[in-house]
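Engineer:
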Amino acid sequence: MQQRPAHARIQLAAAVLPIALLTSALSAGAALAAPQSTARTTSQATSTPAAQAYGPVAAAKSHDGLPDLDRRTAGKVAPITAEQTREAASLGDQIEVGWSEFGTPRSLRSRTGTLTGPSKAAPDTIARGFLADHADLFKQDAAGLAGFRLTMQDQDSSGATFLRYKQSQDGVDVHGSSLLVVLDSEERIILVGGTVAPSADVPAQKLSADAAVAKAVADVSPRQAKAAPRRLGTNRGTTTFANTYAVPDMKDADPVKAELVAVPTANGNRTAWRVMTEVASNAEYESLVDANTGEVIFRKNQWFNEGPHGLVHTGDDPEAGGQVADVPFTGVDGSWVAGETTAGNNTNTFQDLFDDETPHAADQPDTDPAPNQHFDYTWTDTWGLNGVLPTTGASRDAVVTQLFYYTNWYHDYSYNLGFTETARNFQEDNFGRGGTGSDGVSAEADDSYGDGTSKLCTDSANTPIVCRNNANFNANGADGTNPRMQMYVGDDNGRRTQRAMNRDTVIHEYTHGITGRIISDGNLDGSDVQSGALGEGWSDAFATSINNDPVYGEYNNGNYTTGIRGVAYDSDNLEYGDLCDDGCQVHNDGRIWAMAMWEERAALIQKYGAATGKAMHEKLLMLGLKNTVDTPSFHDARTGYLVADQVNPGPDNQCLIWRVFADNELGVTAGPDADDDSTPTVSTATPATCRPTATIAAPPTLPEGSVVGFNGTGSTVAGDAGDSLAYAWDLDNDGQFDDSTSATPAWTFGDNGTYTVRLRVTNTAGYTHTTSRSVTVTNALPVVTIDPNQLATAIENNSLTVKATYTDPGWLDTFTASVNPGSPYLPVVPAAVAANPTAPPAPATGQVQASITYGDNGSYTLSVNVSDDDGGTDSDTLQVTVSNKNPLATIDESNAIMINGVPTIFADAGQPIQLSANVTDPGSDDLSSQWNWGDGNLSPVVKNRVNPPNDDPANSPTVQPRNIVAADTHAWAKACMYDVGFSVTDDDGGAAADSVKVLITGPPKKSQGNGYWLHQFEGILLPKDFTNAELDCYLKVTGHLSKVFNETRDASTRDKAGDVLTPGLLTSTPKKRLDTQLLTGWLNFANGGVEYNEAVVDSNNNGQVDQGFATVIANAEAVRNNPAATGAQLDKQAKILSCVNERDYLLPPLLCSLLM
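What follows is the structure, given as structure tokens:
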């Protein structure tokens, strides 16, 4: 299947991978799945196990069409200047620079830190600033710096920011240019790199776009006759041409496109035309045509063809995760698939229901030929869910595909561990690398199930039974013969599984083939006690390590704690002496070796880390097989693993390995037992050369409470090369080595006397040795320390808890304490002393605590004094800064009315009203307050002293928190809306403020109709009763109170209000008529024509006016704002308001009720 270039996601494998990447690839996650979307470059891989270290490496994909062409640089590399070297060195001692072919940094980073410090600037600004600061390093001039164009800015969840730039020079894009800048969460640059071309002129082109297209298509078009290019148009520097150059059957080829680019080289820029030409379904070429010479200097097909892939589980089993799409079926020797089914160089995989061992076409998936070998079958688990084993169709093909995938995957994995052609591995074709071919594995799914009742197996009494709950591997002889791996179905207490779906089982059985081929040139002899157990142990050891799971076979029986072995291999509860304890049985006894191998793995991981330790162990497992004699005993297998460590390149781990074997009773003196020995000779002995020696230098004599230094650096390491010592000290003589891990620890003794200290050293390999030494201690005095954390946020009039700790080597002493606040106005306070429970010879420790209160802010020198009963005294002081706390001011709004969520105080013009505010201040401070009435007038400043008649000094001598009421009276002359503010300050600069809305209406007068108000806003001939300022105030009152003005109808200006008051004869609508009466009503209220809650309507028709103005106008506005209101409903409200507005001239309120 072909992919378009815009969506192609091709990952090319490196020719040589660093060991860190290889070991990482075998870590818990990466090792369990074949690489996704990997590609392949050649038909046969030639990498060796040594080159590939510990894990499988995917080959790269190839593509069809013309081969790639690149004549841009001709192998020339620009030199690195001395100036660049100095510039790079100026960034720090641990700077690592990789250089591009253009002599600019390909990768620039610090091994130990960052390239820049933290910054608050934008990431792009930081990046451009760094480039500008180091322009010489990147060979950029001012024009070159300006030519970097940001194409991506991405920030991930860690806070890191990733910036990518493209270059242009002289307004032309630089082909192949890129710059990556990575910043951490503190906006520090941690990496700069990419392909950056030095600043250089772009030569003028001689060749036209038409001529360049002619050159390009002459190079790539499959047609014999090539028409002259025909232009279609030019857009943003790209010229398009009619595409008459594709294969004849291709009717929808994209137009040919040409754009001018700069092509950087070691000698400067070449100007070129970049031409894109689609000529076939699997071929679209990017060509670079030199714009001066016409030479095609670059060609690359943008199409890539996929190799075979499938839909498979890439984890241990189906319960470890769902099926993964597009998993490549390629490996160390290219495609796993030879044709159109699950057969290839490593295995022929099929369903073998009746055990005829023959891969019939009907027993295997049938897919399309290359390049469309897609084994995409959804597994529905009909066997597990309803007991129906699929024998045809997608669900059957999914099982066969899964077994095909696991078998090939493990072939590649074990190949990279060393099970290669010369190790007699399983391949049809050995590609001339040694060994004998023609021995790919016959992997048989659902083997011997028959029709469900067929009895194709026998029990221990040789009675025919149905084949269930098993799997096996038969190497079928020496190298060159096809082995068989049979995967049965499982039916265990109602849990139905297919062994072909379990990687644990596949690895286990396939490893039987590996151990047989490597150790015995066939099947490992499992008839003897120890060799049979080792065969099972090795198979479990490979499976559990590779799958990173100490539980084997849990998918088969559903026991995720101990699996089918009844034990987790990380439980450390089986040793060599347990051999044959429950009768000699290969699976039970194999657990002993598998557990020992898991512990070796754990020890290597502890030493080297998870990825490296795991990879190293698996390499040693495979090498160990190659160093193990035929029909081996546990002793032989132990020797093989030890020799594997000796021959394996890298660090020596002999002592570490010996220590684990000794822990498993396979120590130095364990007998070289025969493979059929059921009563082994166990040993926990280790080599003497592996054991360290602990030594303590003579310590000095010092007083109690002094730091006594100890020195264990004279101890010897022994162990493996490169091992170091871990130190554990027992300095308090309690028998526990938990007091220090330093080679030169320090210890404080709690009383005078003579004490014994002990040192235990452990080398990296895990060996220990212990020694002891005496130390003499004399008497000393107590020490007190104030806890500053309790006093760091001291605030005036807050009770402060003063805490201090004391230590005294005299553990039998008793103590008294006091606190001096450091103020002449405050007394010395006795402090409570709480001693910690101690036991000799631990030092006496305890806490001192007292409470003090500072009434005012300031700086005070506080001291804590502690005395022991022997007269020894110590004190500690701390400068305590007590901060001022702002007062709190709250205007009394108890008489306010809530208007549209805003508390509002109502009053008539000229009516004096009193406002008050409550002021609190925790400090002993003088308070100064003032009212701003909002009409340009301020109240006098009122100063309320804490200790009248004098002002409060800088540090108040009293503790008097303030709580006052500041009240004042004011009358507003004009009807309007006012923002009234109140402010207060204390004598230390603390301040608080509050505000409230005050609504002043005109003095009581008659209510007027809309004609009256229309004249006030728009009248010309007759005089008006109001100034423009007064009318503006009335509109502010309206806007504050109304939910119509100015939310849905704008009446914020006099002109707009006049429009509202004029509904019009020809343009009048119910809504406009209602708006006229609404605005009239609010203006009457503002003018004093009606009180807010004045009863104006008889709502019950009982002869009593009971409904207030606020309710009447609110009801009218609700109807006005209801989009579903009818014209009749709107007119009704307008009539009611008209009646209310003109009640002083026309209808009395009781008659208005008739309109409701």
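For the sequence shown, position 562 matches number 585 in my numbering, and the numbering has no gaps at all. Built from N, CA and C at the ideal position, the CB exists for glycine as well. Nothing here was measured: the structure is a model prediction, and the numbers come from that model.
(1) Hey, could you find the ends of the alpha helix (DSSP H) GLU106 is sitting in?
(2) Which two residues bound the contiguous beta strand (DSSP E) that contains GLY475?
(3) Please classify GLU577 as buried or exposed, where buried requires at least 16 other C-beta atoms within 10 Å of its C-beta.
(4) Please give the ranges of any alpha helix (DSSP H) in the stretch 646-699, keeping only runs that are unbroken, at least 4 residues long and fully inside the region.
(5) Output the residue ranges of the alpha helix (DSSP H) runs that lie fully inside the stretch 1009-1036 and measure 4 residues or longer, sorted by chain position.
(6) If you check the beta carbons only, do SER437 and ILE587 fall under 8 Å apart?
(7) Under three-state DSSP, which class holds ALA417?
(8) When you compare the CB positions of ASN1107 and ASN1164, do they come within less than 8 Å of one another, or not?
(9) Could you give the DSSP three-state label for ARG518: helix, strand or coil?
(10) Taking C-alpha atoms, which residue in LYS238, ALA930, PHE929, ALA494 lies nearest to THR316?
(11) So what does DSSP say about SER562, is it helix, strand or coil?
(12) Count the other C-beta atoms from every protein chain shown that fall within 10 angstroms of the C-beta of THR1193, then say buried if there are 16 or more, exposed otherwise.
(13) Curious, which full-length beta strand (DSSP E) runs of at least 3 residues does the stretch 234-301 contain?
(14) For TYR750, list the residues DSSP reports as bridge partners.
(15) Give me the DSSP bridge partner(s) of GLY883.
(16) In the DSSP output, what is ALA1080 paired with across the bridge?
(17) Can you tell me whether DSSP reads HIS610 as helix, strand or coil?
(18) Go through its chain and collect everything with a Cβ distance to THR724's Cβ below 6 Å, but skip five positions before and after it.
(19) Tell me the residue span of the beta strand (DSSP E) that contains ASP369.
(20) Which one of ARG491, ALA501, MET508 has the shortest CA to CA distance from ASP514?
(21) Buried or exposed, going by whether 16 or more other CB atoms sit within 10 Å of the CB of GLY345?
(22) The alpha helix (DSSP H) spanning PHE838 covers which residue range?
(23) State the beta-bridge partners of PHE496 as determined by DSSP.
(24) Mark GLU309 as exposed unless 16 or more other C-beta atoms lie within 10 angstroms of its C-beta, in which case mark it buried.
(25) Name the residue from MET508, ASP196, LEU214 whose alpha carbon lies nearest to the alpha carbon of LEU426.
(26) If you drop the 5 nearest sequence neighbours on each side, which residues of the same chain put their C-beta closer than 6 Å to that of ALA468?
(27) How far does the alpha helix (DSSP H) with LYS1155 in it extend, from its first residue to its last?
(28) For ASN986, count neighbouring Cβ atoms within 10 angstroms of its own Cβ and tell me buried if that reaches 16, exposed if not.
(29) Have a look at ASP452, VAL1113, GLU451, ARG456 and flag the residue whose alpha-carbon is nearest the alpha-carbon of THR445.
(30) Taking the Cβ atom as the reference point for each residue, do PHE565 and GLU532 lie within a distance shorter than 8 Å?
(31) Count the other C-beta atoms from every protein chain shown that fall within 10 angstroms of the C-beta of ILE212, then say buried if there are 16 or more, exposed otherwise.
(32) In the DSSP assignment, find the unbroken alpha helix (DSSP H) run with TYR533 in it and report its ends.
(33) Which residues in the same chain have their Cβ closer than 8 Å to the Cβ of PHE153, if we skip the five residues on either side of it in sequence?
(34) Do you know how far the Cα of ALA803 is from the Cα of GLY773?
(35) Are the beta-carbon atoms of ASP563 and ALA617 separated by less than 8 Å?
(36) Can you list, in chain order, the residues of its chain with a C-beta nearer than 6 Å to that of TYR1168? Leave out the 5 residues immediately preceding and following it.
Structural biologist: On the basis of the data shown:
(1) The count along the sequence shown starts at 1 and reaches residue 106 at position 83. First-last of the alpha helix (DSSP H) with GLU106: 105-112.
(2) In the sequence shown, the residue the question calls residue 475 occupies position 452. Here GLY475 belongs to no beta strand (DSSP E), and DSSP marks it neither H nor E.
(3) Your numbering for residue 577 matches position 554 in the sequence shown. So GLU577 counts as buried.
(4) 657-670, 677-686
(5) none
(6) Position 414 of the sequence shown, counting from 1, holds the residue named residue 437. Position 564 of the sequence shown, counting from 1, holds the residue named residue 587. No, the Cβ-Cβ distance between SER437 and ILE587 is not below 8 Å.
(7) As a working mapping, residue 417 is identified with position 394 in the sequence shown. ALA417 falls in the helix class under three-state DSSP.
(8) Looking up residue 1107 in the sequence shown gives position 1084. Looking up residue 1164 in the sequence shown gives position 1141. In this structure, ASN1164 lies closer than 8 Å to ASN1107 by Cβ.
(9) Position 495 of the sequence shown, counted from the start, is the residue given in the question as residue 518. If DSSP states are grouped into helix, strand and coil, ARG518 belongs with the strands.
(10) Stepping through the sequence shown from its first residue, residue 316 is reached at position 293. That would be LYS238, whose Cα lies nearest to the Cα of THR316.
(11) Translated into positions along the sequence shown, residue 562 becomes position 539. Helix at SER562.
(12) Absent from the model: residue 1193. The displayed extent of the chain is 24 to 1179, so no value can be given.
(13) 254-258, 261-264, 279-288
(14) What you label residue 750 is simply residue 727 of the sequence shown in a count that begins at 1. Looking at the DSSP assignment, TYR750 forms a beta bridge with VAL784.
(15) Working through the sequence shown from its first residue, we reach residue 883 at position 860. Rather than Gly, the amino acid found at residue 883 in this sequence is Tyr. Answer by DSSP bridge pairing, in chain order: VAL903.
(16) Your numbering for residue 1080 matches position 1057 in the sequence shown. Looking at the DSSP assignment, ALA1080 forms no beta bridge with any residue, so it has no partner.
(17) Taking the sequence shown and counting its residues from 1, one reaches residue 610 at position 587. Of the three classes helix, strand and coil, the one that applies to HIS610 here is helix, per DSSP.
(18) As a position in the sequence shown, residue 724 is number 701, starting the count at 1. Excluding residues within five positions, the ones whose Cβ falls inside 6 Å are THR799.
(19) Start at 1 with the first residue of the sequence shown, and residue 369 comes out as number 346. For the sequence presented, residue 369 should be read as Asn rather than Asp. Element bounds for ASN369: n/a, residue is neither H nor E.
(20) Taking the first residue of the sequence shown as position 1, residue 514 is located at position 491. Closest by alpha carbon: ARG491.
(21) Mapped onto the sequence shown, residue 345 falls at position 322. Classification of GLY345: exposed, given that the 10 Å Cβ count is below 16.
(22) Translated into the one-based positions of the sequence shown, residue 838 becomes position 815. Here PHE838 belongs to no alpha helix (DSSP H); instead the beta strand (DSSP E) covers 838-843.
(23) On the sequence shown, residue 496 is found 473 positions in, with the first residue counted as 1. Paired residues: MET508.
(24) Stepping through the sequence shown from its first residue, residue 309 is reached at position 286. Buried, by the Cβ-count rule.
(25) Within the sequence shown, the letter at position 403 stands for residue 426. Of the listed residues, the one whose Cα sits closest to LEU426 is MET508.
(26) As a working note, residue 468 is residue 445 in the sequence shown. Taken in chain order, the residues that qualify are GLN374, VAL422, VAL423, LEU426, MET510, ALA523.
(27) Numbered from 1 along the sequence shown, position 1132 holds the residue referred to as residue 1155. Its alpha helix (DSSP H) spans residues 1150-1164.
(28) Here residue 986 refers to the residue found at position 963 of the sequence shown. Per the 10 Å Cβ criterion, exposed.
(29) As a working note, residue 445 is residue 422 in the sequence shown. Nearest option by C-alpha distance: ARG456.
(30) Along the sequence shown, read from residue 1 onward, the residue named residue 565 stands at position 542. Along the sequence shown, read from residue 1 onward, the residue named residue 532 stands at position 509. No.
(31) Within the sequence shown, numbered from 1, the residue matching residue 212 stands at position 189. Under this definition ILE212 is a buried residue.
(32) Position 510 of the sequence shown, counting from 1, holds the residue named residue 533. TYR533 -> alpha helix (DSSP H) spans 526-538.
(33) The count along the sequence shown starts at 1 and reaches residue 153 at position 130. The residues are LEU138, THR139, VAL204, ILE212, VAL215.
(34) Looking up residue 773 in the sequence shown gives position 750. Looking up residue 803 in the sequence shown gives position 780. Answer to the nearest angstrom: the Cα atoms are 9 Å apart.
(35) Within the sequence shown, numbered from 1, the residue matching residue 563 stands at position 540. Within the sequence shown, numbered from 1, the residue matching residue 617 stands at position 594. Yes, they are a contact pair.
(36) In the sequence shown, the residue the question calls residue 1168 occupies position 1145. None.
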